[in-house]
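A.B. asks: The opening residue of the sequence shown carries number 39 in the working numbering; numbering runs sequentially from there. The structure follows.
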Amino acid sequence: MTSKQKLLLVYALQFIPLLIFPPQTLLNGWAIILVVMVTFGLLGYGLWRGRSWALYLSMFMQGFNVIVRLMMLFPHAIKNESLGGGIDIVYLVTGVLAIILSGWFLLRLDKPDIRATIVG
């Protein structure tokens with residue numbers, strides 16, 4: 039098994055953290071889901087072909103996802119008073135899970151073995 043085949047899951051599954059949202063949010067955003075899937079499909083193909091731009095763009099998008107999720111986490115984790123107030127557990131769990139997964143993909147894409155298969 040070549041090193042590119044070992045990294046195929048990293049290339050193919052990096053769209054998942056960007057789509058981790060509460061179910062009611064995903065039901066209203068099916069067009070965005072399609073855009074994310076196509077974009078990361080093209081990025082995964084670019085990574086598979088060894089394009090450095092795909093590596094840098096993938097790392098940028100994962101890092102940007104971490105930053106945006108951190109900025110959105112606390113304001114959205116508390117429900118409106120009109121909705122009864124309290125903590126939105128589903129949003130909190132999905133937000134933290136997305137941050138952890140994006141951070142893992144970001145760190146994994148920056149490892150020397152991936153850089154060697156793509157840039158070298």
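Glycine included, every Cβ here is placed at the ideal spot set by N, Cα and C. Just so it is clear, the structure is predicted and the values come from calculations on it, not from any experiment.
1. Tell me, please, which residues DSSP counts as bridged to I125.
2. Give the single residue among F112, I105, L65 and D148 whose Cα lies nearest to the Cα of V131.
3. Exposed or buried, F78, counting other C-beta atoms within 10 Å across all chains shown (16 or more means buried)?
4. If contacts are defined as beta-carbon pairs under 8 Å, then L108 and I137 qualify, I think. What distance do you get, rounded to the angstrom?
5. From F53, R89, P150 and L65, pick the residue whose C-alpha is nearest to that of Q100; which is it?
6. Do L93 and L47 come within 8 Å of each other at the CB atom, strictly closer than that value?
C.D. replies: According to the data block:
1. Walking along the sequence shown from the start, residue 125 turns up at place 87. According to DSSP, I125 bridges with I116.
2. For the purposes of this step, residue 131 is taken as residue 93 along the sequence shown, with counting starting at 1. Relative to V131, the option among F112, I105, L65 and D148 whose CA is nearest is F112.
3. In the sequence shown, counting from the first residue as 1, residue 78 sits at position 40. Under this definition F78 is a buried residue.
4. Walking along the sequence shown from the start, residue 108 turns up at place 70. Walking along the sequence shown from the start, residue 137 turns up at place 99. The beta-carbon distance between L108 and I137, rounded to whole angstroms, is 6 Å. This is short enough to meet the 8 Å contact definition.
5. Your numbering for residue 100 matches position 62 in the sequence shown. Measuring from the Cα of Q100, the nearest candidate turns out to be F53.
6. Along the sequence shown, one-based indexing puts residue 47 at 9. Along the sequence shown, one-based indexing puts residue 93 at 55. No; because the gap between Cβ atoms is not below 8 Å, this pair is not in contact.
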